[in-house]
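Colleague:
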């Protein structure tokens, strides 16, 4: 593998998607597991797009953990920093609405308090990535939280650019106020963030770009995603909106993660040019939106992880903007 351009830190788990759509968790009769977790999704998305990428994550010493390793490797993700730990690999039960939207309903086994992903330790990488992706949900677990702070300190010392995905999932947190305070603390140490409209409302009491810049003036790259309504962005001096592509969405579980992978691909490709050229920046955002759209056309967050050629063909078929 080439020298990794991106280092990801986040969850690698199984999303058990309800086979019955549009019903409550208690009415679901059967579930189908798919590899997931934002860390895994972003890493696999990058690997599928040809970006050299490494993932730091924890999985169990069980069959589910072994299968996740195999899936990561099949997507060209470096797994040297995946830790196999003496705890179960997490499985998250996910219900789905009729329009493909999902809700994280609970964990399996339900009585398990300790999963492998929460015990991942910091192993100092032997390379310097240009970009570091951090899933803020890792702050929910004491050991992984410690690892997160160590990674932030290390990445800043290396001069890496850190992009944080808020990825707020209440079911992972027993204390929502702690979730908010820790997430805000993390955001104040980085320069790039991806968050949804609902997450902005939760953190700042508003969901506009102005409040984000006011509360976190250190943020130079803000991606405020609005699902089917697209993405508002503030990149250095450039502010705007990039519409989403209309596709036949089946499952939106990993759409936000796919958007991040698409953006990071463009960041690796164009570098700082994106900060000073509005046209190239907008085309990069369209690229990220295309990756997100294509990812929703099959069940499972990475089942339809787009390749370079698939994204290029999709964009070529779209009317110019």
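In the UniProt record's numbering, the protein residues as written are 1 to 321.
Backbone N, C-alpha and C fix where the C-beta goes; we use that ideal spot for every residue, glycine too.
Could you check if residue 51 is buried or exposed, using at least 16 other CB atoms within 10 Å of its CB as the buried criterion?
Modeller: The residue in question, residue 51, is buried, as its Cβ has 16 or more Cβ neighbours within 10 Å.
Colleague: Quick check: residue 53 and residue 38, are their CB atoms within less than 7 angstroms of each other?
Modeller: No, they are not a contact pair.
Colleague: Is residue 270 helix, strand or coil when you go by DSSP?
Modeller: Correct three-state label for residue 270: helix.
Colleague: Are there three or more Cβ pairs, one per stretch, closer than 8 angstroms when the region 59 to 79 is compared with the region 4 to 12?
Modeller: Flag = yes, the region 59 to 79 and the region 4 to 12 touch.
Colleague: Which same chain residues, not among the five before or five after residue 73, have their C-beta less than 7 angstroms away from its C-beta?
Modeller: These residues qualify, in order along the chain: 79.
Colleague: Does the region 193 to 201 come close enough to the region 222 to 242 to have 3 or more Cβ pairs within less than 8 angstroms?
Modeller: The region 193 to 201, when compared against the region 222 to 242, does touch it at the 8 angstroms Cβ threshold.
Colleague: How about the region 59 to 70 and the region 131 to 143: do they share at least three Cβ pairs that are nearer than 8 angstroms?
Modeller: Cβ pair count under 8 angstroms is below three, so no.
Colleague: Please report the straight-line C-alpha distance between residue 18 and residue 250, rounded to a whole angstrom.
Modeller: Approximately 13 angstroms between the Cα atoms of the pair.
Colleague: For residue 21, which of helix, strand or coil comes out of DSSP?
Modeller: Reduced to three states, the DSSP call for residue 21 is coil.
Colleague: Let's see if you can read the secondary structure: which residues bound the beta strand (DSSP E) around residue 84?
Modeller: Taken as a continuous stretch (DSSP letters only), the beta strand (DSSP E) holding residue 84 covers 82 to 85.
Colleague: With H, G and I counted as helix, E and B as strand and the rest as coil, what does DSSP make of residue 31?
Modeller: Correct three-state label for residue 31: strand.
Colleague: From the DSSP output, in three-state form, read off residue 1 for me.
Modeller: Low confidence applies to residue 1: its pLDDT is 46, below 50, so where it sits in the model is not reliable, and the reading given next is rough at best. It is coil, neither helix nor strand.
Colleague: What three-state label does DSSP hand residue 172 in the structure shown?
Modeller: Residue state, collapsed to three classes: helix.
Colleague: Would residue 47 and residue 15 be called neighbours here (beta carbons separated by less than 7 angstroms)?
Modeller: Going by C-beta atoms, residue 47 is not nearer than 7 angstroms to residue 15.
Colleague: For a cutoff of 7 angstroms on Cβ pairs, would you count residue 50 as touching chain D?
Modeller: Among the chains of the structure shown, chain D does not appear; only one protein chain is present.
Colleague: Please go through the same chain and pick out, in chain order, the residues whose beta-carbon is closer than 6 angstroms to the beta-carbon of residue 201, but skip the five residues on each side of it.
Modeller: Closer than 6 angstroms at Cβ, skipping near neighbours: 207.
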